[in-house]
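Numbering (the numbering used here), first residue to last: 1 to 233.
1. What residues in its chain sit with their C-beta under 6 Å from that of residue 39, if we drop five residues either side in the sequence?
2. Less than 7 Å separating the Cβ of residue 199 from some heavy atom of the ligand NAD?
3. Rounding to the nearest angstrom, what Cα-Cα distance links residue 103 and residue 45 in this structure?
4. Tell me whether residue 32 sits in a helix, a strand or coil according to DSSP, three-state version.
5. Give the secondary structure of residue 234 by DSSP, where H, G and I count as helix, E and B as strand, and everything else as coil.
6. If you count every other CB in all the chains shown that lies within 10 Å of the CB of residue 81, and 16 or more means buried, which is it?
7. For residue 71, collect the residues of the same chain with a Cβ closer than 8 Å to its Cβ; drop the 5 residues on either side in sequence, then sort them by chain order.
8. Can you look up residue 96 in the DSSP assignment and give me helix, strand or coil?
9. Report the three-state DSSP secondary structure of residue 171 (helix, strand or coil).
10. Could you check which residue in 202, 178, 99, 148 has the C-alpha nearest to that of residue 171?
11. In whole angstroms, give me the CA-to-CA distance for residue 41 and residue 13.
12. Under 6 Å Cβ to Cβ from residue 1, same chain only, skipping five residues before and after it: list those, please.
13. Using the three-state DSSP reduction, which class does residue 91 fall into: helix, strand or coil?
14. Where DSSP assigns a beta bridge to residue 103, which residues make up the other side?
15. Check the DSSP bridge columns for residue 80 and list the partner residues they point to.
16. When you compare only the Cα positions, how much space is there between residue 173 and residue 76?
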């Protein structure tokens with residue numbers, strides 16, 4: 001039977017991470033929850049410590065999501081990995097189940113969320129290639145941790161997509177009807193948030209060219225097409 005490890009990378013998410021941990025901890029399908037605190041300057045670690053079943057990995061310096069995820073993968077034990085962002089709102093145990101079950105039941109090799117407030121283009125396409133909520137087989141990343149450590153700070157999703165396409169894995173898109181995530185402009189204000197979003201976009205472009213992004217979306221959609229619309233929550 002597959003064991004599922006849930007990894008959550010967090011930076012200054014004290015007001016939001018508790019809701020995600022409430023949904024993930026104690027879930028019957030989740031065998032362990034690991035939070036990688038990427039040198040937060042707020043009370044993120046203190047909030048995590050309120051959940052005694054959670055393994056907390058505290059990093060001494062901020063290194064970005066890609067590298068932080070490596071630390072979580074190294075301490076995880078599951079042969080299946082669930083990745084969740086720390087700033088999700090309205091997430092429930094049912095949403096966790098909807099994301100996990102396609103992979104655990106061998107209906108797909110990978111599942112990717114499509115959140116309620118994903119951009120309109122993602123809803124139009126039926127796929128958010130930047131989504132941070134995924135379930136993947138451990139082996140997909142287990143042998144490339146050294147490469148991930150050298151990715152841009154926020155290049156991990158595009159890199160994962162390239163591996164999924166290379167291996168021709170079955171992709172399930174899970175529509176989360178109520179789950180949202182807080183955009184950076186809401187967290188940090190318009191100017192600071194916009195600059196953060198721009199920095200993330202530049203990281204993606206360091207992994208893929210604009211043409212590469214279009215090609216990657218097309219190929220992911222081909223892998224997901226037989227399952228689009230069939231998996232909803």
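Yeah, the Cβ is synthetic: ideal placement off N, Cα and C, and Gly gets one too.
Quantities reported herein were computed from a predicted structural model and do not represent experimental measurements.
On the basis of the supplied data:
1. The count along the chain shown starts at 1 and reaches residue 39 at position 39. Contacts found: 59, 61, 62.
2. As presented, the structure is devoid of all ligands, the ligand NAD included, so that no description of it is given.
3. Here residue 103 refers to the residue found at position 103 of the chain shown. Here residue 45 refers to the residue found at position 45 of the chain shown. Their Cα atoms are separated by approximately 30 Å.
4. Locating residue 32 in the chain shown gives position 32, counting from the first residue. Secondary structure at residue 32: strand, using DSSP grouped into helix, strand and coil.
5. Residue numbering for the chain in the displayed model covers 1 to 233; residue 234 lies beyond these limits and cannot be assessed.
6. Here residue 81 is taken as the residue at index 81 of the chain shown, counted from 1. Under this definition residue 81 is a buried residue.
7. Sequence index remark: in the chain shown, residue 71 carries index 71 (1-based). Excluding positions up to five away in sequence, the list reads 36, 57, 59.
8. Locating residue 96 in the chain shown gives position 96, where the first residue counts as 1. If DSSP states are grouped into helix, strand and coil, residue 96 belongs with the helices.
9. Numbered from its first residue, the chain shown carries residue 171 at position 171. DSSP, reduced to helix, strand and coil, places residue 171 within a strand of the structure shown.
10. Taking the first residue of the chain shown as position 1, residue 171 is located at position 171. Answer by Cα proximity: 99.
11. Here residue 41 is taken as the residue at index 41 of the chain shown, counted from 1. Here residue 13 is taken as the residue at index 13 of the chain shown, counted from 1. Approximately 10 Å, taken between the alpha carbons.
12. As a position in the chain shown, residue 1 is number 1, starting the count at 1. For residue 1, where only same-chain residues beyond five positions count, there are no Cβ hits under 6 Å.
13. Here residue 91 corresponds to residue number 91 of the chain shown, with the count starting at 1. Residue 91: coil per DSSP, three-state reduction.
14. Locating residue 103 in the chain shown gives position 103, where the first residue counts as 1. DSSP, once it has assigned bridges, lists no residue as partnering residue 103.
15. Looking up residue 80 in the chain shown gives position 80. Its beta-bridge partners are 4, 137.
16. What you label residue 173 is simply residue 173 of the chain shown in a count that begins at 1. What you label residue 76 is simply residue 76 of the chain shown in a count that begins at 1. Going by the C-alpha atoms only, they are around 24 Å apart.
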